[in-house]
Amino acid sequence: MIRAGLFAILTGLVGAAVLHLVIILALPSFTGLDSYTRLATYDAPNRFIIFGDKADEMGFSNGDPYLRTAACVFDVGERPMHLMAAGSVPFWSFAVYDSSSNEVFSMNDRSAAGGELDAIIASPQQLAAIRKTNPDVISESVLIEMPRPEGYVVLRALSPAPSFEEPAKEFLMEASCEVYEG
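Using my numbering, read the sequence shown as starting at 37 and increasing by one per residue.
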């Protein structure tokens, strides 16, 4: 009985050691595969990257035949970001993620004033300064507080029929992701 118990404990310890070794050796192959890291390789900060129907070299695509998608990488470490988009699409949505791909904020045209995207992404200190120097901005823009300076925005436009394809593409091409000049 004692022999069987010792054998079980020894087998468990060896199995745990092998499992940890496999995880440690496999970890480098998983790093750099998150969305933020892949988007940052485009070297296109502060502007939207529009994805095609087929996956690009980083693996990004529209993913849905009725949605057109774009993304913008940003860093609010120095200055806040201002997102703006307007156009005649049946539906749009956007989501803000931090550099760990945690969703910070999301919204769609149904909850936007006038159906247009107007949002400011900033650190808590930057938002306090914006509210102090420009109190009217609260009624004009959605203010989004970022817990970390780096992140990305995903903007989607609905294109349910071929006749909506061009307006959806124009909506994404004209969308801006720029430094806030308040």
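Glycine residues also receive a C-beta, built at the ideal position from the N, C-alpha and C atoms.
Remember, predicted model here, so these are calculated numbers, not experimental data.
Exercise for the section: Could you tell me whether the Cβ atoms of residue 84 and residue 204 are closer together than 8 Å? Expected result: no
Practice task
May I ask you to list the residues that DSSP assigns as paired with residue 144?
Solution key: 129
Practice task
Would you mind giving the Cβ-Cβ distance between residue 128 and residue 193, rounded to the nearest angstrom? I have them listed as a contact below 8 Å.
Solution key: 5 Å
Exercise for the section: Assign residue 130 to buried or exposed, taking buried as 16 or more other Cβ atoms, counted over all protein chains shown, within 10 Å of its Cβ. Expected result: buried
Exercise for the section: Note the first and the last residue of the continuous beta strand (DSSP E) segment covering residue 37. Expected result: From DSSP, residue 37 is part of no beta strand (DSSP E); its letter is neither H nor E.
Problem - Nearest candidate by alpha-carbon position, reference residue 198, set 126, 92 and 76 - result: 126
Practice task
Can you say whether residue 60 is buried or exposed, counting buried as having 16 or more other CB atoms within 10 angstroms of its CB?
Solution key: exposed
Practice task
Rounded to whole angstroms, what's the CA-CA distance from residue 39 to residue 95? Just pull it up for me.
Solution key: 53 Å
Exercise for the section: Would you mind reading off the limits of the beta strand (DSSP E) that contains residue 120? Expected result: 117-121
Handout entry: Residue from 37, 181, 77 and 46 whose Cα sits closest to the Cα of residue 139
Key = 181
Exercise for the section: Kindly identify the DSSP beta-bridge partner or partners of residue 238. Expected result: In this structure the chain extends from 37 to 218, so residue 238 is not present and cannot be described.
Exercise for the section: Give the C-beta separation of residue 112 and residue 159 to the nearest angstrom, bearing in mind that I take them to be a contact with Cβ-Cβ under 8 Å. Expected result: 5 Å
Problem - Spatially closest choice to residue 144 from 155, 136 and 71, by CA coordinates - result: 155
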